[in-house]
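*Asks:* In our numbering, the protein residues as written are 3 to 262. From the three backbone atoms N, C-alpha and C, an ideal C-beta is built for every residue, glycine too. One structure, pasted below without further comment.
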C-alpha cells in the first residue's frame, strides 16, 4: 500500500506539469487523511464509521477538483484512485474485526455457545456496516467468519468429547478396581471369619498366683493369652512397658499369646 501511495504521489507530481495540475493538487489533503487512517488500522485498531469518513473524504476531494476546474472525467479519476486506496484499508479493517470476533467467541462460548456465536456475528456485522461505503460489500469476509467460528466450535466439541471419554474411561477403571477391592475383602472376610455373628472374650486369674488367662473369639478366630505380672510391680508399668528406674529381674512380667 505504501508503494501505491508513492505511485499516486508520483502520478500527482507528473500531473502537476500538465494542464489542470491544480485539480490534482487538490488530492494531497485526501492522501494525508488516508495515510492517517492506514496508520490507525495498521496498529491493529478499527476506524469508527470508516464508511462515512471515506464518503466525506472522497466528496471533499471531488469538490476541490471541481473548484480547481476539473471536468467530470477528472472527478471520476479522483474517485477511482481514492476508492482503491480506501478499499485496501477497508479490507484490512474487516480482517481485524473478523479476528476480534473469533477471539470474543472463544472467550464467551463457555457461558453459552449459541449466544456467543450470535453475539460475535452481530458485532462483526455492525462494525462492517459502519465501515462500508454504498458500493462496498463484506460478503466474503462474513463467510470466512462463519467458517472460522464453525472451526472453533468443532474444535471445542472435539476437545469436550475427548475429555468426557477420558472421564468415562477413568470411571470404568475405578469401578473395576472398586469391584476387585470388594471381592478381595469378601474373600478375606470369608477366610478369617469376618462374617461371624458375634465376638466374645473371657479373662480369669489363677487363684493365689500372678497368672492371668484371657481368651477371645473375634472375627471367627480364637486367641489365648497368658500373662504374669507381679502385683507389687504393676505400678511400674507404663504405656510402653516398665518406665521407672530400679526395676529388678523379679519384677518383670511375662506374657504369651496364641491364636487358634
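Rounded to whole angstroms, what's the CA-CA distance from residue 91 to residue 114? Just pull it up for me.
*Replies:* Near 34 Å, if we compare the C-alpha coordinates of residue 114 and residue 91.
*Asks:* For residue 186, which of helix, strand or coil comes out of DSSP?
*Replies:* If DSSP states are grouped into helix, strand and coil, residue 186 belongs with the helices.
*Asks:* Quick check on the burial criterion: 16 or more other C-beta atoms within 10 angstroms. Buried or exposed for residue 107?
*Replies:* Per the 10 Å Cβ criterion, buried.
*Asks:* Run the CB neighbour count on residue 178, radius 10 Å, all protein chains shown included, and call it buried at 16 or more, exposed below.
*Replies:* With fewer than 16 other Cβ atoms within 10 Å, it is exposed.
*Asks:* Any contact of the segment 61-79 with the segment 92-99, i.e. 3+ C-beta pairs under 8 Å?
*Replies:* With the cut-off at 8 Å, the segment 61-79 and the segment 92-99 do not touch.
*Asks:* What first and last residue would you give for the alpha helix (DSSP H) that runs through residue 207?
*Replies:* Counting along the chain, residue 207 falls outside any alpha helix (DSSP H), though it belongs to the beta strand (DSSP E) covering 202-207.
*Asks:* Based on the DSSP secondary-structure assignment, which residues constitute the bridge partners of residue 45?
*Replies:* The partner list for residue 45 (beta bridge, DSSP) is empty, contrary to what the question assumes.
*Asks:* What is the DSSP secondary structure of residue 53, reduced to helix, strand or coil?
*Replies:* Residue 53: helix per DSSP, three-state reduction.
*Asks:* In three-state terms, what does DSSP make of residue 134?
*Replies:* Looking at residue 134 - three-state DSSP - the assignment turns out to be coil, as it is neither helix nor strand.
*Asks:* When we look at the beta-carbon of residue 124 and count the other beta-carbons within 10 Å, is it buried (16 or more) or exposed?
*Replies:* Classification of residue 124: exposed, given that the 10 Å Cβ count is below 16.
*Asks:* Alpha carbon to alpha carbon, what distance is there between residue 59 and residue 264?
*Replies:* Because the chain spans 3 through 262 in this model, residue 264 falls outside it and cannot be assessed.
*Asks:* Could you spell out where the alpha helix (DSSP H) holding residue 90 opens and where it closes?
*Replies:* Residues 74-110.
*Asks:* Looking at the structure shown, is residue 152 part of a helix, part of a strand, or coil, going by DSSP?
*Replies:* In this structure, residue 152 counts as helix in the three-state DSSP scheme.
*Asks:* Taking the alpha-carbon positions, what's the residue 78 to residue 85 distance?
*Replies:* Near 10 Å, if we compare the C-alpha coordinates of residue 85 and residue 78.
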